[in-house]
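Engineer: When you line the sequence shown up against the numbering used here, it's residues 90 to 333, in that order.
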Amino acid sequence: MRRLFRRTVRTAVAMELVDLAVQAVDGTKVIANAALIQTYDAKRLQELIERLESAIESLEAQNEGGEDGVVARLPEKLAEQKELRRRVRQAMNDLPGMERPNRYKRPARINMTDKDARLMRTRQGIVPSHNAQAMVSPVATDEGVTGMLVTASDVVDEPNDTAQLTQMVEQAEEMTGAKVPLKLADAGYFAGRHVAELHRRGQQVVMPDMARPTDHPYHKDQFAYDDDTDSYICPTDRIFAFPG
Numbered sequence: 090m091r092r093l094f095r096r097t098v099r100t101a102v103a104m105e106l107v108d109l110a111v112q113a114v115d116g117t118k119v120i121a122n123a124a125l126i127q128t129y130d131a132k133r134l135q136e137l138i139e140r141l142e143s144a145i146e147s148l149e150a151q152n153e154g155g156e157d158g159v160v161a162r163l164p165e166k167l168a169e170q171k172e173l174r175r176r177v178r179q180a181m182n183d184l185p186g187m188e189r190p191n192r193y194k195r196p197a198r199i200n201m202t203d204k205d206a207r208l209m210r211t212r213q214g215i216v217p218s219h220n221a222q223a224m225v226s227p228v229a230t231d232e233g234v235t236g237m238l239v240t241a242s243d244v245v246d247e248p249n250d251t252a253q254l255t256q257m258v259e260q261a262e263e264m265t266g267a268k269v270p271l272k273l274a275d276a277g278y279f280a281g282r283h284v285a286e287l288h289r290r291g292q293q294v295v296m297p298d299m300a301r302p303t304d305h306p307y308h309k310d311q312f313a314y315d316d317d318t319d320s321y322i323c324p325t326d327r328i329f330a331f332p333g
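#1: Could you tell me how far apart the beta carbons of residue 219 and residue 250 are, in whole angstroms, since I believe they sit closer than 8 angstroms?
#2: If residue 229 sits next to residue 108, beta carbons under 8 angstroms apart, how far is it from one beta carbon to the other, in whole angstroms?
#3: Does the region 123 to 133 touch the region 198 to 216, meaning 3 or more C-beta pairs lie closer than 8 angstroms?
#4: Since I believe residue 203 is in contact with residue 217 (beta carbons under 8 angstroms), could you give me their beta-carbon distance rounded to a whole number of angstroms?
#5: Is the region 92 to 102 touching the region 173 to 189 in the sense that three or more CB pairs, one from each, lie closer than 8 angstroms?
#6: Put residue 253 into one of helix, strand or coil per three-state DSSP.
#7: Cα separation between residue 105 and residue 99?
#8: How would you label residue 207, buried or exposed, when you count the other beta carbons within 10 angstroms and need 16 or more for buried?
#9: Can you find the residues in the same chain that come closer than 7 angstroms, C-beta to C-beta, to residue 268, ignoring five residues on each side of it along the sequence?
#10: Go ahead and label residue 213 buried or exposed: buried means 16 or more other beta carbons lie within 10 angstroms of its beta carbon, across all protein chains shown.
#11: If you drop the 5 nearest sequence neighbours on each side, which residues of the same chain put their C-beta closer than 7 angstroms to that of residue 123?
#12: For residue 159, which of helix, strand or coil comes out of DSSP?
#13: Can you check which of these residues, 266, 185, 264 and 295, is closest to residue 279 by C-alpha distance?
#14: By DSSP, does residue 135 sit in helix, in strand, or in coil?
#15: Quick check: what's the CA-CA separation for residue 153 versus residue 185?
#16: Specify the secondary structure class of residue 181 as computed by DSSP and reduced to three states.
#17: Quick check on the DSSP output: the beta strand (DSSP E) that includes residue 221 runs from which residue to which?
#18: Shortest alpha-carbon distance to residue 222 belongs to which of 187, 210 and 258?
#19: Going by the CB atoms, is the gap between residue 101 and residue 273 shorter than 7 angstroms?
#20: If you draw a straight line from the C-alpha of residue 318 to the C-alpha of residue 328, how long is it?
#21: Kindly indicate which residue of 288, 151 and 315 has the alpha-carbon position closest to the one of residue 270.
#22: At what residue ranges does the region 259 to 295 contain a whole run of the alpha helix (DSSP H), taking only runs of 4 or more?
#23: As a quick exercise: from 149, 103 and 248, pick the residue whose alpha carbon is nearest that of residue 117.
If you want it as structure tokens, here you go:
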């Protein structure tokens with residue numbers, strides 16, 4: 090699929106249908122088909138595995154209690170519990186790889202339905218989601234600009250866009266075979282190291298800086314989210330519950 094995407098973009102470029110003077114990047118949250126309640130940290134996974142071990146032990150005892158020492162047919166419920174235990178153990182093995190640096194030292198979490206989904210803020214609240222990224226350039230024809238062509242796309246598990254700018258630019262260069270001199274992005278992509286990297290490469294980025302420095306005591310990054318209560322905790326320890 091990636092080869093087909095690249096071939097399509099390169100064909101459009103070769104036909105001079107793409108205005109490669111400018112590119113714009115943006116991201117959107119795509120809600121995963123996974124329930125919030127299925128998101129676990131290490132503590133909750135351990136509690137779940139302990140409950141499963143107890144349930145399996147009880148079911149096995151019942152299963153072996155047939156008449157004349159004949160072992161009863163393995164109940165469907167026991168098989169389901171063992172399969173769930175297998176999935177929980179796999180999640181416990183995968184969890185260390187989910188660790189992300191954060192100033193609040195929040196524990197890593199994994200969703201049992203979709204392990205690639207992360208808790209992200211969306212219009213529906215904070216729910217398991219994916220962060221979809223796209224880079225586009227204008228489609229230029231004899232009739233003028235008639236639309237936008239996607240020149241790079243990705244889906245990441247980071248809840249914000251600050252780390253995505255450089256890698257999206259690199260993907261677009263791979264797909265188009267060209268270095269576009271001007272990039273457009275919103276403030277969510279603002280990160281000094283990425284702006285500096287593009288400047289080093291001779292590429293200009295037009296974007297607003299963050300409305301407030303991240304070390305400001307009331308910047309949004311200073312608020313910690315508690316998924317157990319669906320609320321935010323501000324730097325002064327006030328709790329703000331999410332409405333609805």
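We put the CB at the ideal spot given by N, CA and C, even for glycine.
Structural biologist: So, to answer that:
#1: A Cβ-Cβ distance of about 13 angstroms is found for the pair residue 219 and residue 250, leaving them out of contact under the 8 angstroms criterion.
#2: Between residue 108 and residue 229 the Cβ distance is about 4 angstroms, and since that is below 8 angstroms, they are a contact.
#3: The answer is yes - the region 123 to 133 touches the region 198 to 216, with three or more Cβ pairs under 8 angstroms.
#4: At roughly 6 angstroms, the Cβ-Cβ gap stays under 8 angstroms, so residue 217 and residue 203 are in contact.
#5: Counting Cβ pairs under 8 angstroms, fewer than three are found: no touch.
#6: Three-state result, residue 253: coil.
#7: About 10 angstroms.
#8: Buried, since its Cβ has 16 or more Cβ neighbours within 10 Å.
#9: Excluding residues within five positions, the ones whose Cβ falls inside 7 angstroms are 262 and 292.
#10: With fewer than 16 other Cβ atoms from the protein chains shown falling within 10 Å of its own Cβ, residue 213 counts as exposed.
#11: Same-chain partners within the cutoff: 200, 202, 203, 206 and 217.
#12: Because the pLDDT at residue 159 is just 48, under 50, the model does not fix this residue reliably, and the point stays unresolved.
#13: When only C-alpha atoms are compared, the closest one is 295.
#14: Three-state result, residue 135: helix.
#15: Rounded to the nearest angstrom, the two C-alpha atoms are 37 angstroms apart.
#16: In the three-state reduction of the DSSP assignment, residue 181 falls in the helix class, which pools H, G and I.
#17: Secondary structure note for residue 221: its beta strand (DSSP E) is the uninterrupted segment 214 to 230.
#18: Proximity to residue 222 across 187, 210 and 258 peaks at 258, based on C-alpha coordinates.
#19: Result no, Cβ atoms of residue 273 and residue 101 do not sit closer than 7 angstroms.
#20: Taking the straight line joining both Cα atoms gives about 10 angstroms.
#21: Checking every option, the nearest Cα to that of residue 270 belongs to 288.
#22: Counting only runs of 4 or more, we get 281 to 289.
#23: Out of 149, 103 and 248, 248 has the C-alpha closest to the C-alpha of residue 117.
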